[in-house]
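Comments concern the structure below.
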Amino acid sequence: MSEHNQIKLTKMNYDKDRPKAENPLKVMDLSLRDGHQSLFATRGRTEDMIPVAEMMDEIGFWAIETWGGATFDTMHRFLNEDPWERLRTLKRYIKKTPFSMLLRAQNLVGYRNYADDLARAFVDRAAENGMDVFRTFDALNDYRNFETVVPVIKECGKHFQGCICYTMTEPRMGGDVYNIDYFVNKAKDLEKMGADSICIKDMAGLMAPYDAYEIIKSIKKVVKAPIHLHSHFTSGMAPMTHLKAVEAGVDIVDTCMSPYAYRTSHPAIEPLVMSLIGTNRDIGFDIKELAAINKILEAEVMPKYKHLLADNKMSIIDINVLLHQTPGGMLSNLINQLREMDALDRIDDVYKELPKVRKDLGQIPLVTPTSQIVGIQTVNNVLFDDENERYKMITAQVKDLCYGLYGKTATPIDSAVQKKALKGYSRGEKPITCRPAEVLEPELEKAREEVKGLAKDIDDEILYAIYPVTGKKFLKWKYGLETPPKEVMAKSLEEALKDQEMVAKAGRGELVEKKKDAPEKSDQTRKFNVFVDEEYFEVGVEEIGGAPIVSYAQPVATPVPAAPAASAPAAPAPAPAAAPAASKPAPASVDGTGLAAPMPGMIVSYEKKVGDAVNEGETVVILEAMKMENALPAPVGGTIKAVNFESGDSVAKGDVLCVIG
Ligand code: CO
0 MSEHNQIKLT KMNYDKDRPK AENPLKVMDL SLRDGHQSLF ATRGRTEDMI
50 PVAEMMDEIG FWAIETWGGA TFDTMHRFLN EDPWERLRTL KRYIKKTPFS
100 MLLRAQNLVG YRNYADDLAR AFVDRAAENG MDVFRTFDAL NDYRNFETVV
150 PVIKECGKHF QGCICYTMTE PRMGGDVYNI DYFVNKAKDL EKMGADSICI
200 KDMAGLMAPY DAYEIIKSIK KVVKAPIHLH SHFTSGMAPM THLKAVEAGV
250 DIVDTCMSPY AYRTSHPAIE PLVMSLIGTN RDIGFDIKEL AAINKILEAE
300 VMPKYKHLLA DNKMSIIDIN VLLHQTPGGM LSNLINQLRE MDALDRIDDV
350 YKELPKVRKD LGQIPLVTPT SQIVGIQTVN NVLFDDENER YKMITAQVKD
400 LCYGLYGKTA TPIDSAVQKK ALKGYSRGEK PITCRPAEVL EPELEKAREE
450 VKGLAKDIDD EILYAIYPVT GKKFLKWKYG LETPPKEVMA KSLEEALKDQ
500 EMVAKAGRGE LVEKKKDAPE KSDQTRKFNV FVDEEYFEVG VEEIGGAPIV
550 SYAQPVATPV PAAPAASAPA APAPAPAAAP AASKPAPASV DGTGLAAPMP
600 GMIVSYEKKV GDAVNEGETV VILEAMKMEN ALPAPVGGTI KAVNFESGDS
650 VAKGDVLCVI G
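Residues 0 to 660 (numbering that gives the first Met the number 0) are what the sequence shown spells out, left to right.
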């Protein structure tokens, strides 16, 4: 046990008035950002943070993480909330404790490197709206991507926390790439850049307790800035890792309130407080105050989110992260992607392919956005490659990575993969070696022009600049130009509890409520095909007060062939194919070859319009799937006869996006 951790035999109690430790461990709370991002798909709403906000301000956290990471994206896309407004609202309740955000350096709160003008404006506005600590990371640990944002953080008088993304290529720290020298050198680099504190960001929960001890001891020997540890619980090691980090002298650790803790999230605060009471690292928090917060969260907030827990497994640790080093968020993305493509049985192939793709792409750390980039490319390889050709469908982001647009990879990118990715790449076939943003044209002015008349201030413009498609949609909701769909609206506690009761009833087989007076069938009814052995029913379902009620079911001529199979990936489908309810069906008279969506996703843009000539293989549609953009090539040459969707539309796998004749 280190000299910092001697037990002091003083009178111990749970209250704040117990003797103060010599070197209390500082704690940042992540419940309001990483907590719900890890456990509840980032769906936490501001209104559900307010009930405990003032109490959390009293605890004594070093900072509370309130923003950044995926929140900016999710809020405007799925919650109909203005991300900027969350900061201003929470500031009214949390007045003493600094706010912290996770900033993806030059990627800001998006998935690519943005131009310098946008990056500067974003940081400036985040500071102005209430951000205090800028926890800044780059997915490649390429600190040239910090060069633009750091001076703005400093000019705004805010705290610059530099991150080292923790990753490994071996079961434990070591090997040729991510060894102790790597991490110590990165810490020195950050201090040279003026880091007010240094965070070791263990996003996948891979850091073993004794590796944490060694890293923190070694870094503290050569660096003065406080050391902050961010270690996800995912593998189950984090509480042990915390304790060894405390013994090694770590200054700050990250935890969550217990309802937001564990699984792919973080260790809980309460056991750590208890573990250190009476030691010279005693955190000093009042355990009863923490319990009071948890009581409110459990009663008023958690019922609205429980159903979002990614799985119903008994085990709260993820064995795959120990076996395959696949971070939790990335794993659930991969599983969703495979499920939507009816290929869940290929998960083991994905595990096998993943380390190969990562190696090909320069052994990069797996953290947003590189975890998505590597993950989705892996899925594409597993589903679309054959024995004659690897990397058949390369995402736009992998092309950007190969070009150098994300920065320098830990090891060189495989030259054959790089060459293939850059063939015909719009910026050029020769990769760059300079700081990536140097090749990016300023983009804020252009965005401002595009969103003129809709955006009312700079915050709106930045939102649009980072998220052009969904941002524009949100601004239309915000200013009442379009009605937001029901699924983005908040649910009340009553509705959430009622839903839970219905689910529980269904589970017990008690859900046989028969309405005496059948309601009028509304035009909200959605039709479902239900197959029972050889029988086939068409069932109409409509939603009343949030609970699904079956309104009618009618048998249809039997037997019928199985449901029409979705067209094979990228295979030309006859047009017009059956379009989903929400889509615009292709005109019945159009003859030609359809371009079918090889995966579900959202249309980013059509590169061609009706009447344009295309060559076989030329890009026709950009489809965003799992946040990666895929350029879909024309299956045949000819003329575009019909375009069946528009930018922003969601499409299912097999939907015919356009017809070429
Ligand atoms: Co995290």
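Just so you know, even glycine gets a beta-carbon here, dropped at the ideal spot from N, CA and C.
{"Check": "What is the rounded straight-line gap between the Cα of I621 and the Cα of I602?", "Outcome": "6 Å"}
{"Check": "Quick check: the Cα distance between M206 and Y212, rounded to an integer number of angstroms?", "Outcome": "10 Å"}
{"Check": "Mapping DSSP to helix, strand and coil, what is W61?", "Outcome": "coil"}
{"Check": "Please classify D341: is it buried, with 16 or more other beta-carbons within 10 angstroms of its beta-carbon, or exposed?", "Outcome": "exposed"}
{"Check": "Does ligand 1 have even one heavy atom less than 7 Å from the beta-carbon of M256?", "Outcome": "no"}
{"Check": "Report the CB separation of R32 from G68 in whole angstroms; it is logged as a contact under 8 Å.", "Outcome": "6 Å"}
{"Check": "Note down, in chain order, each residue of its chain lying with its Cβ closer than 6 Å to the Cβ of K407, except the 5 sequence neighbours on either side.", "Outcome": "D141"}
{"Check": "Identify the continuous alpha helix (DSSP H) that holds R238 and give its terminal residues.", "Outcome": "Checking the sequence, you will find Pro at residue 238 rather than Arg. Looking at the DSSP string, the run of the alpha helix (DSSP H) that includes P238 is 237-246."}
{"Check": "Nearest-angstrom Cα distance between P597 and D456?", "Outcome": "39 Å"}
{"Check": "Between T96 and A62, is the Cβ-Cβ spacing less than 8 Å?", "Outcome": "yes"}
{"Check": "Does DSSP put H229 in a helix, in a strand, or in coil?", "Outcome": "strand"}
{"Check": "Is it right to say A561 is buried, meaning 16 or more other beta carbons lie within 10 angstroms of its own, or is it exposed?", "Outcome": "At A561, the pLDDT of 36 sits below 50, so the modelled position is not reliable; the number obtained from the coordinates is stated separately. Under this definition A561 is an exposed residue."}
{"Check": "With H, G and I counted as helix, E and B as strand and the rest as coil, what does DSSP make of Q376?", "Outcome": "helix"}
{"Check": "Taking the alpha carbon of S234 as the reference point, which residue from P225, T263, E297 has its own alpha carbon closest?", "Outcome": "T263"}
{"Check": "Please confirm if the segment 99-117 is in contact with the segment 429-443, defined as three or more CB-CB distances below 8 Å between the two stretches.", "Outcome": "yes"}
{"Check": "Out of L86, D281, G593, V51, state which residue places its alpha-carbon closest to the alpha-carbon of P634.", "Outcome": "G593"}
{"Check": "For A298, is the classification buried or exposed, using 16 other Cβ atoms within 10 angstroms of its Cβ as the cut-off for buried?", "Outcome": "exposed"}
{"Check": "Which full runs of the alpha helix (DSSP H) of 4+ residues lie inside the segment 262-300, going along the chain?", "Outcome": "268-275, 286-295"}
{"Check": "Here's the rule: buried if 16 or more other CB atoms are within 10 angstroms of the residue's CB, otherwise exposed. What is K303?", "Outcome": "buried"}
{"Check": "Go through its chain and collect everything with a Cβ distance to V356's Cβ below 7 Å, but skip five positions before and after it.", "Outcome": "V373, Q376, T377, N380"}
{"Check": "Relative to ligand 1, is the shortest distance from any of its heavy atoms to the C-beta of M202 smaller than 7 Å?", "Outcome": "yes"}
{"Check": "How far does the beta strand (DSSP E) with D28 in it reach, from first residue to last?", "Outcome": "25-28"}
{"Check": "For D195, which residues from the same chain have a beta carbon less than 7 Å from its beta carbon, with the 5 sequence-adjacent residues on both sides left out?", "Outcome": "H158, F159, Q160, A224"}
{"Check": "Taking the alpha-carbon of F232 as reference, which of K243, D201, V349, V221 has the nearest alpha-carbon?", "Outcome": "D201"}
{"Check": "P258: which of I251, D250, A267, V252 sits nearest, CA to CA?", "Outcome": "A267"}
{"Check": "Using a threshold of 7 Å, is the CB atom of H670 nearer than that to any non-hydrogen atom of ligand 1?", "Outcome": "A question about residue 670 goes unanswered here, because the residues of the chain that appear run from 0 up to 660."}
{"Check": "Indicate whether A244 and I215 have their beta-carbon atoms separated by less than 8 Å.", "Outcome": "yes"}
{"Check": "Measuring only from the beta carbon, is D180 closer than 7 Å to any heavy atom that is part of ligand 1?", "Outcome": "no"}
{"Check": "Considering only residues of the same chain and omitting the five flanking positions on each side of K351, which have a CB-CB separation below 6 Å?", "Outcome": "none"}
{"Check": "What I want to know is whether the C-beta of H227 ends up closer than 7 Å to one or more non-hydrogen atoms of ligand 1.", "Outcome": "no"}
{"Check": "Based on the DSSP output, what are the partners of G161 in its beta bridges?", "Outcome": "T135, I197"}
{"Check": "Going along the chain, which residues of its own chain have a beta-carbon closer than 6 Å to the beta-carbon of L676, five neighbours each way excluded?", "Outcome": "Absent from the structure is residue 676, since the part of the chain shown begins at 0 and ends at 660."}
{"Check": "Is the separation between the beta-carbon of M100 and that of F60 shorter than 8 Å?", "Outcome": "no"}
{"Check": "Quick one: what's got a C-beta closer than 6 Å to A572's C-beta in the same chain, skipping five residues either side?", "Outcome": "Below a pLDDT of 50, predicted positions are generally treated as unreliable, and A572, at 35, falls in that range; the measurement from the model is reported next regardless. Closer than 6 Å at Cβ, skipping near neighbours: S566, G593, A595, V655."}
{"Check": "Which residues in the same chain have their Cβ closer than 7 Å to the Cβ of F77, if we skip the five residues on either side of it in sequence?", "Outcome": "R42, V487"}
{"Check": "Indicate the three-state DSSP secondary structure (helix, strand or coil) for K513 in the structure shown.", "Outcome": "Per-residue confidence for K513 stands at a pLDDT of 46, beneath the threshold of 50, marking its modelled position as unreliable; the derived number appears in the next sentence. Looking at K513 - three-state DSSP - the assignment turns out to be coil, as it is neither helix nor strand."}
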